[in-house]
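Heads up, the sequence shown is in our numbering, so the first residue is 3 and it goes up one at a time.
Every residue gets a Cβ at the ideal spot worked out from N, C-alpha and C, and that includes glycine.
The structure appears right after this line, and notes come after that.
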Amino acid sequence: MTHPKPRGRQFFANPGPTNIPDSILRALAVSSIDFNDPDFNAVYDIAYAGVKRVLRTDQHLFMYAASGHGAWEATLTNMLSPGDEVLILESGYFSEEWGVMAGKLGLKVRVVHADWRHGVDIAEVAAILKQDTAHAIGAVCVVHNETATGLALPLPAIRDAIDAAGHPALFLVDTISSLGSLEFRMDDWRIDGVVGGSQKGLMLPTGLSFSGVSDKGLAAHATARLPRHYFDWSIMRQRRHHSFVGTVPVSFFYGLQEAIRLIEEEALDNVIARHHRLAEATRRAVRAWSGNAGPQLFCLDPTRYSDSVTAVLMPEGHGADALRATARHRFNVSLGGGLGPLSGKVFRIGHLGDLNEPMLLGALGAVEMSLRLNGVPHRTGGVAAALDYLTETAAA
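Written as structure tokens, this is what we have:
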């Protein structure tokens, strides 16, 4: 069945890609330029240095014309050798994806299993590392913010667990839906490999990704034997741009320069605080809707709530995709769907990137109307709860 396109601008409450600010769209609209042209190199250098500031690192950065999956593959293949063991901390769909990729690349995969609604027990991670006296585990792989479940893992606690075990494993972290949205400190938390992408907190189109790499990670690269070419850091280090085995996607860097400018104009700490405030408003709306039989926050650990995406579990017998279709076709609001085993069971409200209070309240209003139109059991007042919180916490 086709639906007439709703009038008005779409409210994009998807957890990635995210809204692209108008100034970034204008910055992306540049004529072709030689990627070795001095004019472009000046833009590139500004953008490259800006990404390192957002990562909060003074170490190494490699960039790719690829989605986040490309950066995952680059990070694994540049640091590890065939038969090395990686420890994957289960958090949801994307931690599973990382494990599948590692296995196909010829690595041994060990998973710290967890209920997706709570995430891993850090004490279990510490125990596994302490028992690994032969240091067979070459890397601990963590998705900082699991986009599929709305759950964020505590990276400093994981760093402490590695240290307490005296384990030399590399610490590899996926920040695709956390960078520029949640607190993240690559150098302070001694993270060896960071996977990031353009399409979420950096407010760009999909297609640019990168790896932040520590000195320890670069030393591991010197002996890593997994096959690679397009993603080979040794080749990249010889190039002027310290990245890209091939043509540099020049237009992305004009947009990235503007994205960094916007983030730093607001100040990164303020960006993170804004994300927390909008996320908490969203959670208050969901809790107001919940009642005894209504939609529920999927994440059950309040200390691990994500500040970039909220996953909402539908009541038994009510499909998330029907609600999403109503929001999209009746109200022009785009919501995220469930991934993997959560398909049809949860919908996801993205609240990251270029977003403010009216945009969020409009999306929440569409969700509340869609709940009613689809006959989903819920209490009214979700939007009012969010509005009250946002009003109470508004800066004077």
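- How should residue 115 be labelled, buried or exposed, when 16 other C-beta atoms within 10 angstroms of its C-beta is the threshold for buried? Residue numbering aside, residue 115 sits at position 113 when the sequence shown is read from its first letter. That one is exposed.
- What does DSSP give as the partner residues of residue 199 in its beta bridges? Translated into the one-based positions of the sequence shown, residue 199 becomes position 197. 211, per the DSSP bridge assignment.
- Message: For residue 30, tell me which candidate among 256, 326 and 277 has the shortest Cα-Cα distance.
- Response: If you number the sequence shown from 1, residue 30 lands on position 28. Measuring from the Cα of residue 30, the nearest candidate turns out to be 256.
- Query: With 16 as the cutoff for other CB atoms within 10 Å, does residue 198 come out buried or exposed?
  - Reply: Translated into positions along the sequence shown, residue 198 becomes position 196. That one is buried.
- Message: Judging by CA-CA distance, which residue of 95, 323, 100 and 128 is the nearest neighbour of residue 117?
- Response: As a position in the sequence shown, residue 117 is number 115, starting the count at 1. Residue 95 is the option with its Cα nearest to residue 117.
- Taking the C-alpha atoms as reference points, what is the distance between residue 24 and residue 170? Within the sequence shown, numbered from 1, the residue matching residue 24 stands at position 22. Within the sequence shown, numbered from 1, the residue matching residue 170 stands at position 168. Straight-line Cα distance between these residues: approximately 45 Å.
- Message: For residue 381, which residues in the same chain have their Cβ closer than 8 Å to its Cβ, ignoring the five residues on either side in sequence?
- Response: As a working note, residue 381 is residue 379 in the sequence shown. The beta carbon of residue 381 sits closer than 8 Å to the beta carbons of 290, 291, 292, 293 and 296 from its chain, once the five residues preceding and following it are set aside; these are given in chain order.
- Message: Quick check on the burial criterion: 16 or more other C-beta atoms within 10 angstroms. Buried or exposed for residue 351?
- Response: Within the sequence shown, residue 351 is the residue found at index 349, counting from 1. Burial state of residue 351 is buried, judged by a 10 Å Cβ sphere holding 16 or more other Cβ atoms.
- So is residue 202 buried or exposed if we call it buried at 16+ other beta carbons inside 10 Å? To locate residue 202, count along the sequence shown from 1; it is residue 200. Its Cβ being crowded by 16 or more others within 10 Å, residue 202 is buried.
- Inter-residue CB distance, residue 338 and residue 17 (contact presumed, cutoff 8 Å): Mapped onto the sequence shown, residue 338 falls at position 336. Mapped onto the sequence shown, residue 17 falls at position 15. Between residue 17 and residue 338 the Cβ distance is about 5 Å, and since that is below 8 Å, they are a contact.
- Query: Taking C-beta to C-beta, are residue 301 and residue 149 nearer than 8 Å?
  - Reply: Looking up residue 301 in the sequence shown gives position 299. Looking up residue 149 in the sequence shown gives position 147. No, they are not a contact pair.
- Looking only at DSSP bridge pairs, what is residue 143 linked to? On the sequence shown, residue 143 is found 141 positions in, with the first residue counted as 1. DSSP lists 90 and 174 as partners of residue 143.
- Message: Ignoring anything shorter than 4 residues, give me the alpha helix (DSSP H) runs that lie fully in the segment 20 to 51, in order along the chain.
- Response: 24 to 30
- Message: Alpha carbons only, please: which of 172, 13, 158 and 5 is nearest the one belonging to residue 335?
- Response: The sequence position of residue 335 within the sequence shown is 333, counting from 1. Shortest Cα-Cα distance from residue 335 to any of 172, 13, 158 and 5 involves 13.
- Endpoints, the beta strand (DSSP E) within which residue 339 is located: Along the sequence shown, read from residue 1 onward, the residue named residue 339 stands at position 337. Element bounds for residue 339: 335 to 339.
- Task: Return the CA-CA distance between residue 459 and residue 187, expressed in angstroms with no decimal places.
- Result: Because the chain in this structure spans residues 3 to 398, residue 459 falls outside the shown range and cannot be described.
- How about residue 365 and residue 49: do their beta carbons lie closer than 8 Å? Numbered from its first residue, the sequence shown carries residue 365 at position 363. Numbered from its first residue, the sequence shown carries residue 49 at position 47. For residue 365 and residue 49, no; Cβs fall outside 8 Å.
- residue 62 versus residue 232 - alpha carbon distance: Counting from 1 along the sequence shown, the entry for residue 62 is found at position 60. Counting from 1 along the sequence shown, the entry for residue 232 is found at position 230. The straight-line gap from Cα to Cα measures roughly 18 Å.
- Item | Residues that DSSP places opposite residue 110 in a beta bridge | Residue mapping note: residue 110 aligns to position 108 of the sequence shown, counting from 1. Beta-bridge partners assigned by DSSP to residue 110: 87.
- For residue 397, the nearest candidate out of 7, 240 and 276 (CA to CA): Against the sequence shown, residue 397 aligns to sequence position 395. It is 276.
- Given residue 284 as reference, the closest of 141, 138 and 359 once Cα atoms are compared: Here residue 284 refers to the residue found at position 282 of the sequence shown. It is 359 whose Cα lies nearest to the Cα of residue 284.
- Grouping DSSP H, G and I as helix and E and B as strand, with all else coil, what is residue 122? In the sequence shown, the residue the question calls residue 122 occupies position 120. Coil, per DSSP.
- Message: Does residue 86 pass the burial test, meaning 16 or more other C-beta atoms within 10 Å, or should it be called exposed?
- Response: By 1-based counting over the sequence shown, the position of residue 86 is 84. Looking at its Cβ environment, which holds 16 or more other Cβ atoms inside 10 Å, residue 86 is buried.
- Taking just the CA atoms, how far does residue 217 sit from residue 192? For this step, residue 192 is matched to residue 190 along the sequence shown. For this step, residue 217 is matched to residue 215 along the sequence shown. So the two alpha carbons sit approximately 10 Å from each other.
- Three-state secondary structure (DSSP) of residue 169: As a first step, residue 169 must be located in the sequence shown, where it is residue number 167. DSSP places residue 169 outside both helix and strand once states are collapsed to three, so it counts as coil.
- Message: Quick check for students: name the residue ranges of the alpha helix (DSSP H) that lie wholly in the segment 344 to 389, counting only runs of 4 or more.
- Response: With a minimum length of 4 residues, the continuous alpha helix (DSSP H) runs that stay inside the segment 344 to 389 are 359 to 375.
- Closest residue to residue 371 among 138, 137 and 329 (Cα-Cα distance): Residue 371 sits at position 369 when you count from the first residue of the sequence shown. Comparing Cα-Cα distances from residue 371 to each of 138, 137 and 329, the minimum goes to 329.
- Task: Could you spell out where the beta strand (DSSP E) holding residue 255 opens and where it closes?
- Result: The count along the sequence shown starts at 1 and reaches residue 255 at position 253. Per DSSP, residue 255 belongs to no beta strand (DSSP E); it is in the alpha helix (DSSP H), 252 to 268.
- Exposed or buried, what is residue 313 when buried is set at 16 or more other beta-carbons lying within 10 Å of its beta-carbon? On the sequence shown, residue 313 is found 311 positions in, with the first residue counted as 1. With 16 or more other Cβ atoms within 10 Å, it is buried.
- With 16 as the cutoff for other CB atoms within 10 Å, does residue 240 come out buried or exposed? Within the sequence shown, numbered from 1, the residue matching residue 240 stands at position 238. Flag for residue 240 reads exposed.
- Task: Leaving aside the five residues before and after residue 64 along the sequence, list all residues of the same chain whose C-beta is less than 6 Å from its C-beta, in chain order.
- Result: By one-based count along the sequence shown, residue 64 stands at place 62. These residues qualify, in order along the chain: 213, 235, 238 and 245.
- Task: Per DSSP, which residues does residue 299 bridge with? Please list them.
- Result: Within the sequence shown, the letter at position 297 stands for residue 299. According to DSSP, residue 299 bridges with 314.
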